[in-house]
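Asks: Submitted below is the structure of interest, expressed as structure tokens.
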Amino acid sequence: MPKFRYPGVYIDNKSNKDSVHNNIKGVFTQFYNTIMNMDYPLANKLLYWLNDWSGYILPNEKNFKYNDLIKYEQYSIFEANFGFNVGSEAGGLHYGVIVDKDNSKSSKILMVIPFKSLDEGETEEDIDSKTEVYLGDKVFEVEVNRQKDKLRRVNLKLQKYEEKNDAGSFVISKDENYKQLLKKKSYYETEIAKMSRGTIAQVGQMCLMSKMRIYYPTTTSEKLYGIKLSPENVEKIKEKFNELYF
Numbered sequence: 001m002p003k004f005r006y007p008g009v010y011i012d013n014k015s016n017k018d019s020v021h022n023n024i025k026g027v028f029t030q031f032y033n034t035i036m037n038m039d040y041p042l043a044n045k046l047l048y049w050l051n052d053w054s055g056y057i058l059p060n061e062k063n064f065k066y067n068d069l070i071k072y073e074q075y076s077i078f079e080a081n082f083g084f085n086v087g088s089e090a091g092g093l094h095y096g097v098i099v100d101k102d103n104s105k106s107s108k109i110l111m112v113i114p115f116k117s118l119d120e121g122e123t124e125e126d127i128d129s130k131t132e133v134y135l136g137d138k139v140f141e142v143e144v145n146r147q148k149d150k151l152r153r154v155n156l157k158l159q160k161y162e163e164k165n166d167a168g169s170f171v172i173s174k175d176e177n178y179k180q181l182l183k184k185k186s187y188y189e190t191e192i193a194k195m196s197r198g199t200i201a202q203v204g205q206m207c208l209m210s211k212m213r214i215y216y217p218t219t220t221s222e223k224l225y226g227i228k229l230s231p232e233n234v235e236k237i238k239e240k241f242n243e244l245y246f
């Protein structure tokens with residue numbers, strides 16, 4: 001017997017349906033009890049990842065068409081689900097930058113550095129300068145301007161709806177198009193706020209990541225396509241990388 005064993009339910013390792021069924025009941029009962037005793041924000045972060053993993057990644061992993069994705073160029077910025085990781089490892093939905101010098105379209109993985117944003121009330125002085133680099137608040141400037149333009153167009157459409165409603169044409173609160181416009185407005189406002197905060201490159205957490213985890217961009221028409229780090233920020237990351245690993 002090994003000296004140490006992780007606590008948990010007994011896993012019956014027979015390769016048949018009954019074995020899997022019994023294991024599912026045991027593991028998921030344990031999981032339910034564990035997650036209900038976690039901090040609620042952390043629990044939802046875990047469930048967010050499990051939803052992606054079980055609903056999209058696992059069912060599509062064998063037949064995923066990597067060649068249908070765009071070619072990811074060095075220093076391009078992306079958004080992906082880094083999963084639910086242990087301790088202080090980067091996890092959840094994050095932006096990041098691609099490190100690979102020439103990643104093939106057929107490659108299933110990328111070398112990346114995750115980003116995080118300054119929290120409310122934080123400044124550049126609050127980051128972990130041993131492993132992180134502050135990139136400023138202009139990293140997403142091009143994309144922020146794109147989102148602001150979309151928000152402006154949505155606001156114009158909302159204004160027209162509201163003018164019609166004031167004239168007694170219809171009950172605006174029940175109109176589905178109006179509701180969808182409100183959702184878009186909220187989304188764009190959230191995105192603009194998120195991307196306008198100071199950006200931190202977590203150089204010490206550089207890692208390999210499956211392309212299946214990428215949310216944006218996967219096509220040339222999506223958010224973040226064509227957005228790259230400035231030469232100044234690339235140099236900051238290189239300096240920190242050399243300091244950490246060479």
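My numbering puts the first residue of the sequence shown at 1, with every later residue one more than the last. Just so it is clear, CB atoms sit at the ideal spot from N, CA and C, and this is done for glycine as well. Please read all numbers here as calculations on a predicted model, not as lab measurements.
How far does the alpha helix (DSSP H) with S19 in it extend, from its first residue to its last?
Replies: As a position in the sequence shown, residue 19 is number 19, starting the count at 1. That run of the alpha helix (DSSP H) goes 17-35.
Asks: Hey, how far is the Cα of I70 from the Cα of V144?
Replies: Start at 1 with the first residue of the sequence shown, and residue 70 comes out as number 70. Start at 1 with the first residue of the sequence shown, and residue 144 comes out as number 144. One Cα belongs to I70, the other to V144, and the distance between them is close to 21 angstroms.
Asks: Just to confirm, is the Cβ distance from V97 to F115 under 8 angstroms?
Replies: Stepping through the sequence shown from its first residue, residue 97 is reached at position 97. Stepping through the sequence shown from its first residue, residue 115 is reached at position 115. A contact, by the Cβ cut-off of 8 angstroms.
Asks: Within the segment 179-245, note down every full alpha helix (DSSP H) run reaching 4 residues or more, in order along the chain.
Replies: 231-245
Asks: Hey, R197 and L93: beta-carbon distance below 8 angstroms or not?
Replies: Stepping through the sequence shown from its first residue, residue 197 is reached at position 197. Stepping through the sequence shown from its first residue, residue 93 is reached at position 93. No, the Cβ-Cβ distance between R197 and L93 is not below 8 angstroms.
Asks: Name the one or two DSSP bridge partners that Y95 has.
Replies: Taking the first residue of the sequence shown as 1, we reach residue 95 at position 95. For Y95, which the question treats as bridged, DSSP gives the partners E79.
Asks: Assuming K185 contacts L158 under a Cβ cut-off of 8 angstroms, what Cβ separation, rounded to an integer in Å, is found between them?
Replies: Translated into positions along the sequence shown, residue 185 becomes position 185. Translated into positions along the sequence shown, residue 158 becomes position 158. Correct: roughly 7 angstroms between the Cβ atoms.
Asks: For the beta strand (DSSP E) containing P7, list its first residue and its last residue.
Replies: On the sequence shown, residue 7 is found 7 positions in, with the first residue counted as 1. Unbroken run through P7: none, as it is neither H nor E.
Asks: Rounding to the nearest angstrom, what Cα-Cα distance links N37 and D166 in this structure?
Replies: Counting from one through the sequence shown, the residue named residue 37 turns up at place 37. Counting from one through the sequence shown, the residue named residue 166 turns up at place 166. Cα-Cα distance, rounded: 49 angstroms.
Asks: Going by DSSP in three states, K138 sits in which element: helix, strand or coil?
Replies: Residue 138 sits at position 138 when you count from the first residue of the sequence shown. Correct three-state label for K138: coil.
Asks: Going straight from the alpha carbon of R146 to that of V112, what length do you get?
Replies: Position 146 of the sequence shown holds residue 146. Position 112 of the sequence shown holds residue 112. One alpha carbon belongs to R146, the other to V112, and they sit about 24 angstroms apart.
Asks: Do the segment 148-162 and the segment 220-235 touch if we need at least three Cβ pairs shorter than 8 angstroms?
Replies: no
Asks: What does DSSP give as the partner residue(s) for V112 in the beta ladder?
Replies: One-based indexing of the sequence shown puts residue 112 at position 112. Answer is I98, C207, bridged to V112.
Asks: Consult DSSP for S104 and reduce its assignment to one of helix, strand or coil.
Replies: To locate residue 104, count along the sequence shown from 1; it is residue 104. It is coil, neither helix nor strand.
Asks: Is there contact between the segment 117-137 and the segment 202-213, where contact requires at least three CB pairs shorter than 8 angstroms?
Replies: yes
Asks: Run through the DSSP bridge pairs and tell me what S117 is partnered with.
Replies: The count along the sequence shown starts at 1 and reaches residue 117 at position 117. BP columns for S117 point to T199.
Asks: For L47 and G83, I'd like the C-alpha separation in whole angstroms.
Replies: Within the sequence shown, residue 47 is the residue found at index 47, counting from 1. Within the sequence shown, residue 83 is the residue found at index 83, counting from 1. Distance between the alpha carbons of L47 and G83 is about 10 angstroms.
Asks: Does Y40 pass the burial test, meaning 16 or more other C-beta atoms within 10 Å, or should it be called exposed?
Replies: Numbered from its first residue, the sequence shown carries residue 40 at position 40. It counts as exposed.
Asks: If you compare alpha carbons, which of T219, S107, K160, V27 is closest to S210?
Replies: Residue mapping note: residue 210 aligns to position 210 of the sequence shown, counting from 1. Nearest of T219, S107, K160, V27 to S210, Cα basis: S107.
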